[in-house]
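Enquirer:
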Amino acid sequence: MTTNNSLSTTPGADAQTVSLAVARTLKQARKAQKITLDELSRRSGVSKGMVVEIEKCTANPSIGILCKIAAALGLSVADVVNVTEAPSAHIIDSQDIPTLWTGDLGGTARLLAGTSGPNMIELWRWEMHPGESFASQGHPQGTLELFHVEKGTLKCVVGETELVIPAGSSAVAKTDVPHSYSNAGRSRLVFTMSVTEIHQ
Numbered sequence: 001m002t003t004n005n006s007l008s009t010t011p012g013a014d015a016q017t018v019s020l021a022v023a024r025t026l027k028q029a030r031k032a033q034k035i036t037l038d039e040l041s042r043r044s045g046v047s048k049g050m051v052v053e054i055e056k057c058t059a060n061p062s063i064g065i066l067c068k069i070a071a072a073l074g075l076s077v078a079d080v081v082n083v084t085e086a087p088s089a090h091i092i093d094s095q096d097i098p099t100l101w102t103g104d105l106g107g108t109a110r111l112l113a114g115t116s117g118p119n120m121i122e123l124w125r126w127e128m129h130p131g132e133s134f135a136s137q138g139h140p141q142g143t144l145e146l147f148h149v150e151k152g153t154l155k156c157v158v159g160e161t162e163l164v165i166p167a168g169s170s171a172v173a174k175t176d177v178p179h180s181y182s183n184a185g186r187s188r189l190v191f192t193m194s195v196t197e198i199h200q
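Quick note: the sequence shown uses UniProt numbering, first residue 1, plus one each step.
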């Protein structure tokens, strides 16, 4: 099993392009809000050293770290990776869709689309090979995730609740507690997921 959740981009937007976009966006947002590195570190719970490395484009942050820093700046992950940098109605070309997680066996999580933060909705497509998993410490209070399994079997553990979702079925989960997704079967798992995070 793996909980590797480093930012990667195969397939989808080039890894270096995404890393540069993250570095640029976070630095610009921090300076526009007149927030020091120390203050951003305090607000996000991410070490100052990691924040500095991300802004220098020398770090490979996990999805969890990106979520924390984005939230501390009032942004969504989609804002940070530039998925939402377009007019209110627009198409996101396939080559511009970033892959933000790659498993040890080749599984991927792609952020298909997302709205600007801090209130946000994201649409993800996950593929996991047998034995792969992803764990999250939990999102802000009230965050909801919707799942639909296209192929395989998804095991989703949310707090003390365990869901085993077969192909063709859907599920709803409140994910403001630690949770995880894993491939519980012997074949490739494919599922789509939406994340809704409202701060008002």
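No residue lacks a Cβ here, since even glycine has one placed at the ideal position from N, Cα and C. Quick caveat, the model's predicted, so the values are computed rather than measured.
For the alpha helix (DSSP H) containing S62, list its first residue and its last residue.
Expert: Premise fails: S62 is in no alpha helix (DSSP H) and is neither H nor E.
Enquirer: Do we get a CB-CB distance below 8 Å when we pair S47 with the residues of chain B?
Expert: Of the protein chains in the structure, only one exists, and it is not chain B.
Enquirer: Less than 8 Å between the CB atoms is what I'm expecting for E39 and N119, so what's the real figure, rounded?
Expert: Not quite, the Cβ-Cβ distance comes to about 23 Å (not below 8 Å), so this is no contact.
Enquirer: Exposed or buried, K68, counting other C-beta atoms within 10 Å across all chains shown (16 or more means buried)?
Expert: Buried, by the Cβ-count rule.
Enquirer: With a 10 Å radius around its C-beta and 16 neighbouring C-beta atoms as the bar for buried, classify R30 as buried or exposed.
Expert: Classification of R30: buried, given that the 10 Å Cβ count is 16 or more.
Enquirer: Sorted by chain position, which residues of the same chain lie with C-beta nearer than 6 Å to N82's C-beta, five sequence neighbours on each side aside?
Expert: Answer for N82: A21, listed in chain order.
Enquirer: List the endpoints of the continuous alpha helix (DSSP H) containing A78.
Expert: Where A78 is concerned, the enclosing alpha helix (DSSP H) stretches over 77-80.
Enquirer: Pick helix, strand or coil for T3, following the three-state DSSP scheme.
Expert: Here the model assigns T3 a pLDDT of 41, short of 50, so the residue's position is not dependable and the matter cannot be decided.
Enquirer: Do E55 and L26 come within 8 Å of each other at the CB atom, strictly closer than that value?
Expert: Cβ distance < 8 Å, so L26 and E55 count as in contact.
Enquirer: What do you reckon, are the CB atoms on E111 and A78 nearer than 8 Å?
Expert: The question names Glu, but residue 111 in the sequence shown is Leu. For L111 and A78, yes; Cβs fall inside 8 Å.
Enquirer: Exposed or buried, what is G114 when buried is set at 16 or more other beta-carbons lying within 10 Å of its beta-carbon?
Expert: So G114 counts as buried.
Enquirer: Three-state secondary structure (DSSP) at A184?
Expert: Coil, per DSSP.
Enquirer: Rounding to the nearest angstrom, what Cα-Cα distance links T10 and T143 in this structure?
Expert: Because T10 carries a pLDDT of 39, less than 50, the predicted location of this residue cannot be relied on, and the following value inherits that uncertainty. Each residue's Cα considered, the two are about 28 Å apart.
Enquirer: Counting only runs that start and end within the region 106-141, where is the alpha helix (DSSP H) found for 4 or more residues in a row?
Expert: The region 106-141 contains no whole alpha helix (DSSP H) run of 4 or more residues.
Enquirer: According to DSSP, is C156 part of a helix, a strand, or is it coil?
Expert: Reduced to three states, the DSSP call for C156 is strand.
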